[in-house]
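Position 13 of the sequence shown, counting from 1, maps to 13 under full-length UniProt numbering, and the rest follow consecutively.
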Amino acid sequence: MKKYYAFLSLFLSGYVFSNEIGMYKGIHLIGDVGNIIIDDESISKELCCNSEIDMLVKHIEYLINVNNINKYSVAPRVLLNDKVILEVIELYKNKKIYYKGTADYSDQNIEASLPSLKENKFHEDGRQWFEQRELNMAQENPLKVTLMHYELEPETKSSTLTVYSHAPYGKRYNYIAVDNYGSRHLNYGRFSLGHINANLSGNDDVLTFNALSSFKRPEDSYAFNLSYLYPFYKQHQTLGMNLSYSHTDSDEKNGLLNGLDRKTAQGNLLQIGLNWSYYLPTLDIGIKDQLKFNAGYLYRYYDQRSRIEANQGALALDNNFRVGLAGVNIGLSGEIKPTLSSTVLFNVNQAYYSDQIPGSNKTDDLSKFGYERNYNLTSYSLSYSQDIKNWNIKTSLEGQYSANKIPSLDYHSIASVYSVRGFRYSGLSSDKSIIWRSEITTPEYSNLNLKNYIFYDWGKFSYNDSNRQDGIVSSIGLGLKVTPVKGLNFDLFVARRLYNAKLDSLDNGKMSDKVSFWGKMSYGF
């Protein structure tokens, strides 16, 4: 193996044969040969075995490109002294790459998110090659949009690539919101706030904080979540950490069964999680595809106490449930865009919780209340979105399955604003479920930034406890979304419960209205 500089000449004797061009017994390579690595023996073999000049050129070009990063082409020029003169042309040598960041995302930040561009590989038409999954990773940043623009000269295959970002809010985003999605004993009204820093250390790492409470009794109902995600672009991986805590202290006196005076419940839930994702190579499906393999660890400490008082304050029930349980999970998630106007999202996750997993420290109450100490839990979701002339049709399936008797902290919510809409009081949840949601959104009305939508939701729930009744719920509704000014959003809808509407009962035979009104106002800045 030799490395040739500036000029390469091979003189081969003993191989004299003819073709339509004439006699030749040697090869001169001229042109862009400064960094070519080529094997003498292979060249000799090609000269021996190819009697036609076009086949010889084709095979010499292949040998050059096998051992060299840059792409080359080979062209016959003249015959001189029984030797073939072949010109080596380095393609793409006039390549240029520009990185253009923003105030909060520097040029170096944009460059670091696409490390494969440094490999100097090219498509056949001359465009710089890069790992598509790196761009997919960069585009998952919640506040930065990464875009690419090629300028290509087809004849010389020279290419200029500009990689730039668009971040209208910079790297920081805050929001506040109010809604009426809360529980009955808190009079429904809630408020929430959040903060995102999507480039905390200059490496596209994302810090997120969210908090939620109620207007009526904020000290009795609140929750917060803190998460951090760091992308490793060169390794096509992300590592995330999550900490969350929620507290609820309810006290109900109205709408209870006859003979009951008061129902109280106190609950605290602490969760600590670690998540890892690996971005799989793209499959070239449709316009875009990206699959991820996910794995994680989750520790939860759950402390719940419930009391029911009968007439004159006599204690009818007093339960205290405490458990510290750890689990591991693996899964596959992905996004596929078959066309520019359609998107498919899916997620499948398998979790295993056990008192034998490190971190589990309080599991006696699982057995005490009839739950299993070791159990599997499968969750899944699939959605399809289609744009048709400014209309949007979206349908989704989600749910979970477990063959074990699992504690209530792992129940899947069936009836809520995020599942089957319109059921305010029941708080339906179960260990096995499937939910189908479908929604059609109209085009935006001119100058009003307003869209209407209609929806139909359906859910089926079942339990591994034979003493509990399975069921089906469904609802239909109409809503509108308005953005009167930048950052200010309203989402208002009315829902009517259909199948099993009585599950929204206020107890004691008293029914709530089958039609309910829901709303959320948020402002981001």
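C-beta atoms are modelled at their ideal positions from N, C-alpha and C, and glycine is treated no differently.
Contact under 7 angstroms by Cβ, residue i with residue j
{"i": "S227", "j": "N203", "result": "no"}
{"i": "N347", "j": "S381", "result": "yes"}
{"i": "N197", "j": "Y188", "result": "no"}
{"i": "E439", "j": "K510", "result": "no"}
{"i": "K337", "j": "I287", "result": "yes"}
{"i": "V88", "j": "P76", "result": "no"}
{"i": "S159", "j": "K100", "result": "no"}
{"i": "S246", "j": "L283", "result": "no"}
{"i": "S396", "j": "Y411", "result": "no"}
{"i": "K486", "j": "K451", "result": "no"}
{"i": "L161", "j": "I97", "result": "yes"}
{"i": "residue 570", "j": "G422", "result": "The structure shown does not extend to residue 570, since the chain is modelled only from 1 to 525, so the question has no answer here."}
{"i": "A295", "j": "I330", "result": "yes"}
{"i": "Y353", "j": "L325", "result": "yes"}
{"i": "N199", "j": "N210", "result": "no"}
{"i": "S413", "j": "S419", "result": "yes"}
{"i": "A138", "j": "S116", "result": "no"}
{"i": "K514", "j": "A501", "result": "yes"}
{"i": "E444", "j": "K405", "result": "no"}
{"i": "Q266", "j": "R305", "result": "yes"}
{"i": "G359", "j": "L291", "result": "no"}
{"i": "K121", "j": "W129", "result": "yes"}
{"i": "Y233", "j": "E140", "result": "no"}
{"i": "D205", "j": "Y230", "result": "yes"}
Of the residues the options, the one placed nearest residue i, counting alpha carbons only
{"i": "I176", "options": "S213, A167, K100 and R437", "result": "S213"}
{"i": "A495", "options": "Y301, G189, A167 and V417", "result": "V417"}
{"i": "R307", "options": "F321, Y299 and K389", "result": "F321"}
{"i": "I53", "options": "V84, D318 and Y371", "result": "V84"}
{"i": "N392", "options": "I476, E134, R373 and Y453", "result": "Y453"}
{"i": "E155", "options": "V328, H59 and S73", "result": "S73"}
{"i": "V323", "options": "S183, G334, E335 and R300", "result": "R300"}
{"i": "Y456", "options": "E444, G477 and E372", "result": "G477"}
{"i": "S402", "options": "Y375, D387, E151 and H236", "result": "Y375"}
{"i": "T483", "options": "R424, T339 and Y523", "result": "Y523"}
{"i": "E124", "options": "D303, K157, G194 and V145", "result": "K157"}
{"i": "L498", "options": "L448, L298, L143 and A415", "result": "A415"}
{"i": "F517", "options": "L488, L503, M148 and G479", "result": "G479"}
{"i": "K216", "options": "D318, V178 and Y233", "result": "V178"}
{"i": "I388", "options": "S367, T441, T378 and L377", "result": "T441"}
{"i": "S383", "options": "L409, L366, T343 and G194", "result": "T343"}
{"i": "G126", "options": "V145, E153, M148 and D318", "result": "E153"}
{"i": "L147", "options": "Y164, N136, E131 and N141", "result": "Y164"}
{"i": "Y297", "options": "I285, D303, P281 and G327", "result": "G327"}
{"i": "Y385", "options": "S192, R184 and S341", "result": "Reading off the sequence, residue 385 comes out as Ser, not Tyr. The residue with the shortest Cα to Cα distance from S385 is S341."}
{"i": "E131", "options": "P281, S408, G399 and Y302", "result": "P281"}
{"i": "F293", "options": "D318, T208, H236 and Y62", "result": "H236"}
{"i": "D220", "options": "E61, G182, P142 and Y62", "result": "G182"}
{"i": "S408", "options": "R424, E398, N390 and L377", "result": "L377"}
{"i": "N136", "options": "F369, L366, D303 and D289", "result": "D289"}
{"i": "E398", "options": "R424, L207, F369 and L345", "result": "L345"}
{"i": "D365", "options": "N390, R424 and D303", "result": "D303"}
N-terminal and C-terminal residue of the beta strand (DSSP E) that residue i is part of
{"i": "D125", "result": "Unbroken run through D125: none, as it is neither H nor E."}
{"i": "A351", "result": "S342 to S354"}
{"i": "A112", "result": "First-last for A112: D107 to A112, but that is the alpha helix (DSSP H), not the beta strand (DSSP E)."}
{"i": "L229", "result": "S221 to F232"}
{"i": "K368", "result": "Looking at the DSSP string, K368 is not in any beta strand (DSSP E); the run it does join, the alpha helix (DSSP H), is D364 to K368."}
{"i": "L488", "result": "L488 to R497"}
{"i": "I97", "result": "K96 to K100"}
Extent of the continuous alpha helix (DSSP H) to which residue i belongs
{"i": "S446", "result": "Element bounds for S446: n/a, residue is neither H nor E."}
{"i": "L377", "result": "That residue, L377, is in no alpha helix (DSSP H); its beta strand (DSSP E) goes N374 to I388."}
{"i": "L117", "result": "Looking at the DSSP string, L117 is not in any alpha helix (DSSP H), and its letter there is neither H nor E."}
{"i": "K514", "result": "Segment: none, K514 is in no alpha helix (DSSP H) and carries neither H nor E."}
{"i": "S396", "result": "Note, S396: premise wrong, no alpha helix (DSSP H); beta strand (DSSP E) at W391 to Y401."}
Going residue by residue through the stretch 129-211, where are the continuous beta strand (DSSP E) segments of at least 3 residues, counting only ones entirely within it? 145-153, 158-166, 172-179 and 190-197
Specify whether the stretch 422-435 and the stretch 458-470 touch according to this definition: at least 3 beta carbon pairs, one from each stretch, less than 8 angstroms apart. yes
Tell me whether the stretch 266-276 and the stretch 225-240 touch, counting them as touching only if at least three CB pairs, one residue from each stretch, are closer than 8 angstroms. yes
Ordered list of beta strand (DSSP E) runs contained in the stretch 421-481, each at least 3 residues: 432-441 and 450-462
Quick check: the stretch 465-472 against the stretch 486-495, are there 3 or more CB pairs under 8 angstroms? Touching, no.
Check whether the stretch 102-114 and the stretch 168-175 touch, using three or more Cβ-Cβ pairs below 8 angstroms as the test. yes
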